[in-house]
Amino acid sequence: MIFDPQALLLIQFICLLIGTSAIAWGLIAHPLNIASKASIRLSLANLCVLLGVILNTQRGEGSSYLFWFVSDISLLLGFMLLRRGTQYLFRLHNSTKFDTIALIITTAIMLSAPPNASSEHFLAAVFSSTAALFFIMLTKDNFFAIKRDVGSRIAMVMVTPLLAMAGIFIIRVFIALFLPEQSNTFLSLNTREAIPVLWFYVFLILLINIVMIGNAITRLVSKIRLLADRDQLTGLWNRRAMRKMLTHIHQRWLRDHVPYSVILLDLDHFKAINDRYGHAVGDVALQTAATLFASKLRANDVLSRHGGEEFLVLLPATNAQEALAVAEKLHRILRENPISWQKHSISLTASLGYATIYPECEPEKLLIQADQAMYRAKLAGRDRICQAG
16 MIFDPQALLL IQFICLLIGT SAIAWGLIAH PLNIASKASI RLSLANLCVL LGVILNTQRG
76 EGSSYLFWFV SDISLLLGFM LLRRGTQYLF RLHNSTKFDT IALIITTAIM LSAPPNASSE
136 HFLAAVFSST AALFFIMLTK DNFFAIKRDV GSRIAMVMVT PLLAMAGIFI IRVFIALFLP
196 EQSNTFLSLN TREAIPVLWF YVFLILLINI VMIGNAITRL VSKIRLLADR DQLTGLWNRR
256 AMRKMLTHIH QRWLRDHVPY SVILLDLDHF KAINDRYGHA VGDVALQTAA TLFASKLRAN
316 DVLSRHGGEE FLVLLPATNA QEALAVAEKL HRILRENPIS WQKHSISLTA SLGYATIYPE
376 CEPEKLLIQA DQAMYRAKLA GRDRICQAG
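The structure is reproduced here in structure tokens:
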């Protein structure tokens, strides 16, 4: 294949960018160990694309499955891994089965044509159709994943390079089928006419990897934020997160006068469990209580570890009578499910205090009243429920 000198220089630059991206993702995976499963797949994606581009530049007039067939499949495999890396990064639904079927169908169709220049337009149309499909699906995956953290507008801006790449492949399909005279610009890489498109490829490759790195950072920040709001032992919301949610619910009360309630629970004789059986059993008791309580709450109720052996339940849109019903469920399920430890059955009970918001009451005051009600339950003999008042 004879190359225009400037086109060759741009292709070499593209290969350098892709190779550098592959190394960078490899370093992110190890030793930095940031989203390692996703980063490894993104590194492999860049390596597959690099191999595909290099093989593509070796095409000539003669038949060659390596340069005409393997090169396109390598590129498509790279796009497939790019999507899989995104799914690992954001823990999205695994599309490997769908993507593999699309790749197998594409392979079968491409193998039906001779691997040489006489089939260039047919092969380009088949390859570009599958590539466009992969980038459309990749755009969808990224948009809905990023949207959760940054909102729709920023997410749309961030996926624009992916959408642009899908658009390029759709244009290539149209040109290959209906405008073969434009092939020097959009289908071939070695001509002077292809230089503007090659520059666009450089721009998009840079942007796509920047988007992927941005995704990794977004995911990392999201995990850090989540860890900052979660209790390490039980996985429940911690006191800091609960205070923010309580403030939000109180604002709704002030605006719409929708009542809410809180329940404070304290595991009875928890120190005795730790002293007799050890802290490992105490941890199991806390984890068991958290799981049992969560099983009896509604989707919009909020359960948190308030500190030590205390739990706090925030009940939106719940009056005093309804709060008592919830407290009774929590009280009962804990009593009915003792934990087993080395042939010992360890009973768990809790003292509960609950309070419901009323005019001119602030969140802090409500928590104090619930705490006082819980303290009265303990003084009255533990394993019971008291209402604030």
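Throughout the sequence shown, residue numbering follows the numbering used here, covering 16 to 404 in sequence.
Note that beta-carbon positions come from the ideal geometry of N, C-alpha and C, so glycine has one too.
Remember, it's a predicted structure, so these values are computed and weren't measured experimentally.
- CA-CA distance, T175 to R98, rounds to 15 Å.
- Nearest C-alpha to G75 among A132, A39, Q387 and G93: A132.
- For L282, the uninterrupted beta strand (DSSP E) segment begins and ends at S276 to L282.
- Contact between T371 and S276 holds: their C-beta atoms lie close to 4 Å from each other, under 8 Å.
- Taken in chain order, the unbroken stretches of alpha helix (DSSP H) that lie wholly in the region 108-167 and span 4 residues or more are 111-125 and 135-165.
- DSSP lists L282 as the beta-bridge partner residues of A365.
- Nearest to F218 by alpha-carbon distance, out of L23, Q21 and F28, is F28.
- For C401, the uninterrupted beta strand (DSSP E) run begins and ends at I400 to Q402, by DSSP.
- Within the region 283-368, complete beta strand (DSSP E) segments of at least 3 residues are found at 317-322, 325-330, 354-356 and 359-361, given in chain order.
- By the beta-carbon neighbour count (other beta carbons within 10 angstroms, threshold 16), P46 is exposed.
- No Cβ-Cβ contact shorter than 9 Å links D156 with L213.
- Assignment of T72 by DSSP, reduced to helix, strand and coil, places it in the coil class.
- Nearest to R56 by C-alpha distance, out of A231, P130 and E135, is A231.
- Under the three-state reduction of DSSP, A370 is assigned to strand.
- E324 sits buried, since 16 or more C-beta atoms from the chains shown fall within 10 Å of its C-beta.
- Take the alpha-carbon of L65 and the one of K238: they are about 32 Å apart.
- For M257 against V317, the beta-carbon gap comes to about 7 Å, under 8 Å, which counts as contact.
- Shown here, R245 sits in a strand according to DSSP, grouped into three states.
- DSSP lists no beta-bridge partner residue for W40.
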